[in-house]
Amino acid sequence: MKSCIKFISFTLLFLFVFVSKAWAEKVTVITPYLAQPGTQMYVEGFKNEASKKGWDLNIIDTKGDVAEVISRIEDAVNQKVDGIVINVDPSQIAAGLEVAAAANIPVVGMDSGADPLLVTNVTSNGYAMAAETSVYVANRIEGKGNVVMFVFDAFPPVQIRGVIADAVFGNFPDINVMDRITPDVQDGGIADSRAKMEALLAANPEAGSIAAVWAAWDQPAIGAMQAIEAAGRNNEGIVIVGIDANPQARDAISQGGNFEASIAQDFVGIGSATANAIGRAMSGEEIKSKVIYVPTVLITSANVGD
Amino acid sequence: MKILNLIKKYGTLIGFFGIIIFFTINLPSTFLTAKNFINISQQISMLAVVAFTMTVVMVMNDFDLSVGSMASLAGIVAAVLFSMGYPIWIGILAALFVGIIGGLFNGFLVSIIGILPFVATLGTLTMFSGFAFLISGGRTIFGRDIPSEFSSFARSGIEISSLDLKIPFLSILALLILFIVWFILEQTTYGRRLYAIGGNPEASFLAGIKVKQLRLSAFALTGLGAAIAGLMYSSRVASSNPTQGSGLMLEAIAAVFLGMTMSEEGEPRVLYTLLGVLILGVLDNGLTQMNVDSYIREVLVGFIVILAVAFSSITKKRN
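From first to last, the protein sequence lines are chains W and Z.
Using the numbering used here, the first residue of the first sequence is number -14, and each one after it goes up by one.
Using the numbering used here, the first residue of the second sequence is number 12, and each one after it goes up by one.
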């Protein structure tokens, strides 16, 4: 009798697992960049949300191979999944996106760039990030003084940051952008930014002649900080800000020196917002906005330890 | 005893059909369909071209480790020329030319200078990759720089409207190259001489075969194949990246080895290489459809290659 009950309960359990698996919506996430810390955080946020929704999730890492992303999209379409999420420039995988579109399977971008073949792309707002850090600088120097900008106009996501900072600083009559530097980024951007900043410091030896450094990403901000410290001018109150809040920037901010602020993207939040977006698309909802922005957080000494 | 012999001879082929049956049972509605197999043929087309032309040097017991970086370099050369406004045919010809020159350089190092192929092509692997980064400035070239006629090649094919199927041009190109390599290796004196060099280079030399020239030309063919694969890759992703081909080399060698287990003398045959490529492609496709973790997929593929080669070497030893 006991074994009979055991048998029945095992059978029921098996059936339950099997049937619930068969009923669960199938979602495939494909990325060539799973080795990157940022992508891992997107995926972590996505996984948490997907497990709440009870999805049958398949995460595929093509290890840098973009053509394989197309192949795996084709496989997922063939497998008749309910939704696909990608984390790669959509213009390079148009061949795969067309296959998914033909099969009416929604594809959502997770910080991938916008594309007509994507339902939507979930990312951070580069314009807003630049606005927040440039306004932080303007307020800290009380709307007056010389500001050094580090920009990189050749790369569109960074170029838009420079445009916004130009507008903010231009709106303060007593702020003067004394130099708009494009560092050489071959070595990551720190070394050349440091060299450029050293030259500027040498050309402007009087204390207070440089009020602030605004950098479109963290590496030039770190380079500028190193130059200021090496020149022994770290007590002049030069305010430095960056964008991205990478670990090196966070470390500098926590020291309480010249590097005062940076802005952090909410990678986990992008992951969970992407899960919500693909969920809405799979339920047949029309998502009007081609880009969904996830709020960013200004990191200063007040919250760097959080 | 007969059955045992059959397994010895056709073990890999039986394994391949075993894999197909396994996926057909597990994926009853989506695996064994014409559409899926056309899909797979397109997905493996680039690897297939590299593996087919890799077979040419492996016939002589040589290796070419530089095929992956050559594929990247060729794609970059074409894309840079496109971005400078040159017509598509110039970009393609230049990329193929770079492939031949790179291959000849490999051949020169191996057959004239006498460096071991492993070491020589390891060196050129780094060199070609460096050139790809140098020419592209480390960037991915994409968007308007890549002409749409070039990228649409990989998305088009011959429509068979009665069956509602499309045979992709990439698959057709790979088949064409398979035929050419098969013809060269199996139907010409040139091919038979390459096999002779593989059997015994000294005896071949004494028999009057121009070993040096043949090795040089074989490497050029492999370089050309790598360049073709690089162009196919660039067309498929509508862009060129200085590292795009890096995954091709190891898989191509694995495919040739898998194929070699089919041959009684243990020598590479291009039709068997096709089987090796198919095994890798079918595994990737089927395991993805079964939601198997991509890292587990990688472990499995490596394990199957070892299993096949080990099985064949054990049974051959017994023979």
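We put the CB at the ideal spot given by N, CA and C, even for glycine.
Figure out for me which residue from the options has the closest Cα to the Cα of residue i.
i, options, result
"Thr16(W)", "Val73(W), Glu29(W) and Asn124(W)", "Val73(W)"
"Asp159(W)", "Ala192(W), Val136(W), Ala139(W) and Glu127(W)", "Glu127(W)"
"Val281(Z)", "Ile290(Z), Glu275(Z) and Gly270(Z)", "Gly270(Z)"
"Pro179(Z)", "Ala165(Z), Ile191(Z), Lys13(Z) and Leu189(Z)", "Ala165(Z)"
"Thr105(W)", "Gly217(W), Pro91(W), Ile195(W) and Lys32(W)", "Pro91(W)"
"Asn302(Z)", "Ala20(W), Thr24(W), Ile44(W) and Gly254(W)", "Ile44(W)"
"Arg308(Z)", "Gly22(Z), Val316(Z) and Asp295(Z)", "Asp295(Z)"
"Gln240(W)", "Val289(W), Ile69(W) and Gly217(W)", "Val289(W)"
"Phe31(W)", "Glu83(W), Val93(W) and Ile58(W)", "Val93(W)"
"Ala207(Z)", "Val60(Z), Phe48(Z) and Met69(Z)", "Met69(Z)"
"Thr151(Z)", "Gly210(Z), Lys223(Z) and Ser94(Z)", "Ser94(Z)"
"Val170(W)", "Asn156(W), Ala201(W), Phe157(W) and Asp164(W)", "Ala201(W)"
"Ile213(W)", "Val133(W), Ile55(W), Arg57(W) and Asn124(W)", "Val133(W)"
"Ile34(W)", "Ala209(W), Ile255(W) and Asn156(W)", "What sits at residue 34(W) in the sequence shown is Glu, not Ile. Selected option, being the one with the closest Cα: Ile255(W)."
"Phe194(Z)", "Val67(Z), Asp304(Z) and Ile183(Z)", "Val67(Z)"
"Ser159(Z)", "Phe119(Z), Leu286(Z), Ser246(Z) and Ile25(Z)", "Ser246(Z)"
On the criterion of 16 or more Cβ atoms from any shown chain inside 10 Å, does residue i qualify as buried, or is it exposed?
i, result
"Gly313(Z)", "exposed"
"Thr135(Z)", "buried"
"Val276(W)", "exposed"
"Pro75(W)", "buried"
"Leu15(Z)", "exposed"
"Ala187(W)", "exposed"
"Thr259(W)", "buried"
"Ile36(Z)", "exposed"
"Gln300(Z)", "buried"
"Ala321(Z)", "exposed"
"Ile264(Z)", "buried"
"Val4(W)", "Legend: pLDDT at Val4(W) = 46, less than 50; position of this residue unreliable, value from coordinates given subsequently. The residue in question, Val4(W), is exposed, as its Cβ has fewer than 16 Cβ neighbours within 10 Å."
"Asp175(Z)", "exposed"
"Phe1(W)", "Only weak support is given to the placement of Phe1(W): the predicted model assigns it a pLDDT of 49, under 50, and the value that follows is read from those uncertain coordinates. Exposed is the call here."
"Ala218(Z)", "exposed"
"Asn156(W)", "exposed"
"Glu276(Z)", "exposed"
"Asn161(W)", "exposed"
"Gln198(Z)", "exposed"
Starting from residue i and walking both ways along the beta strand (DSSP E), at which residues does that stretch end?
i, result
"Lys177(Z)", "Leu176 to Pro179"
"Tyr278(W)", "Val276 to Tyr278"
"Arg165(W)", "Asp159 to Ile166"
"Ile106(W)", "Here residue 106(W) is Asn; the residue named in the question, Ile, does not match the sequence. Where Asn106(W) is concerned, the enclosing beta strand (DSSP E) stretches over Asn106 to Thr108."
"Ala246(W)", "Phe244 to Ala249"
"Gly292(Z)", "Premise fails: Gly292(Z) lies in the alpha helix (DSSP H), Val281 to Gln300, not in any beta strand (DSSP E)."
"Gly208(W)", "Segment Asp203 to Ala215 is the alpha helix (DSSP H) holding Gly208(W); no beta strand (DSSP E) there."
"Asn131(W)", "Lys129 to Phe135"
Starting from residue i and walking both ways along the alpha helix (DSSP H), at which residues does that stretch end?
i, result
"Trp199(W)", "From DSSP, Trp199(W) is part of no alpha helix (DSSP H) but of the beta strand (DSSP E) over Ala197 to Ala200."
"Arg226(Z)", "Val222 to Val248"
"Met69(Z)", "Ser56 to Met69"
"Glu59(W)", "Val51 to Asn63"
"Gly94(W)", "It is not in any alpha helix (DSSP H) - Gly94(W) instead sits in the beta strand (DSSP E) that spans Val92 to Met95."
"Ala287(W)", "Looking at the DSSP string, Ala287(W) is not in any alpha helix (DSSP H), and its letter there is neither H nor E."
"Leu205(Z)", "Thr200 to Gly210"
"Gly134(Z)", "Pro128 to Ser147"
"Leu84(Z)", "Val78 to Ser94"
Give the residues of chain Z in contact with residue i, contact being defined as C-beta atoms less than 7 Å apart.
i, result
"Asp60(W)", "Asn296, Thr299 and Gln300"
"Ile45(W)", "Thr299 and Ser305"
Run down chain W in chain order and give the residues with a C-beta less than 9 Å from the C-beta of residue i.
i, result
"Phe153(Z)", "Asp74, Ser76 and Gln77"
"Arg203(Z)", "Under the 9 Å cutoff, chain W gives no residues; its nearest Cβ is about 35 Å from Arg203(Z)."
Taking residue i as the query, report the chain Z residues whose CB atoms sit under 9 Å from its CB, ordered along the chain.
i, result
"Asp100(W)", "What Asp100(W) touches in chain Z: nothing, since even the nearest Cβ is about 11 Å away."
"Gly49(W)", "Asn252, Thr254, Gln255, Ser257 and Gly258"
"Asp41(W)", "Asn302"
Which bits of chain W does residue i rub up against, with CB to CB less than 8 Å?
i, result
"Met57(Z)", "Ala52"
"Asn37(Z)", "Result: empty, since nearest Cβ-Cβ is about 11 Å, beyond 8 Å."
"Val41(Z)", "In the sequence under discussion, the amino acid at residue 41(Z) is Thr, which differs from the Val named in the question. Those within 8 Å of Thr41(Z) in chain W are Asn63, Gln64 and Lys65."
Find the residues of chain Z that neighbour residue i, judging by a C-beta separation of less than 8 Å, and give them in chain order.
i, result
"Ser97(W)", "Going along chain Z, no residue has its Cβ under 8 Å from Ser97(W), so there is no contact; the nearest lies around 13 Å."
"Glu83(W)", "Arg166"
May I ask you to check if the CB of residue i is nearer than 6 Å to at least one heavy atom of the ligand NAP?
i, result
"Gly202(Z)", "This structure does not include the ligand NAP; it has no bound ligands of any sort."
Starting from the beta carbon of residue i, find every residue of chain W whose beta carbon is closer than 7 Å, and list them in chain order.
i, result
"Arg247(Z)", "Ala52, Ile55 and Ala80"
- Query: Are the region 251 to 267 of chain Z and the region 79 to 91 of chain Z in contact at 8 Å, needing three or more beta carbon pairs?
  - Reply: Cβ pair count under 8 Å is three or more, so yes.
- Query: Does the region 267 to 286 of chain W touch the region 100 to 111 of chain W, meaning 3 or more C-beta pairs lie closer than 8 Å?
  - Reply: They touch, by the three-pair rule.
- Message: Could you check whether the region 69 to 78 of chain Z touches the region 135 to 145 of chain Z, counting it as contact only if at least three pairs of C-beta atoms, one from each stretch, sit closer than 8 Å?
- Response: Contact check between the region 69 to 78 of chain Z and the region 135 to 145 of chain Z: three or more CB pairs, one atom from each, fall below 8 Å, which counts as touching.
- Task: Answer yes if the region 166 to 186 of chain Z comes into contact with the region 52 to 59 of chain Z, meaning at least three C-beta pairs across the two stretches below 8 Å, and no otherwise.
- Result: By the criterion of at least three beta-carbon pairs nearer than 8 Å, the region 52 to 59 of chain Z is in contact with the region 166 to 186 of chain Z.
- Can at least three beta-carbon pairs, one atom from the region 110 to 130 of chain W and one from the region 246 to 257 of chain W, be found at a separation below 8 Å? Yes, the region 110 to 130 of chain W is in contact with the region 246 to 257 of chain W.
- Item | Any 3 or more C-beta pairs closer than 8 Å across the region 59 to 73 of chain Z and the region 220 to 239 of chain Z | Judged by Cβ distances under 8 Å, the region 59 to 73 of chain Z makes contact with the region 220 to 239 of chain Z, as three or more pairs qualify.
- Three or more C-beta pairs below 8 Å linking the region 226 to 241 of chain Z and the region 104 to 123 of chain Z: With a cut-off of 8 Å, the region 104 to 123 of chain Z and the region 226 to 241 of chain Z count as touching, because enough Cβ pairs lie within range.
- Examine the Cβ distances between the region 58 to 74 of chain W and the region 11 to 27 of chain W and report whether three or more of them are shorter than 8 Å. Contact between the region 58 to 74 of chain W and the region 11 to 27 of chain W is present, because at least three Cβ pairs lie under 8 Å.
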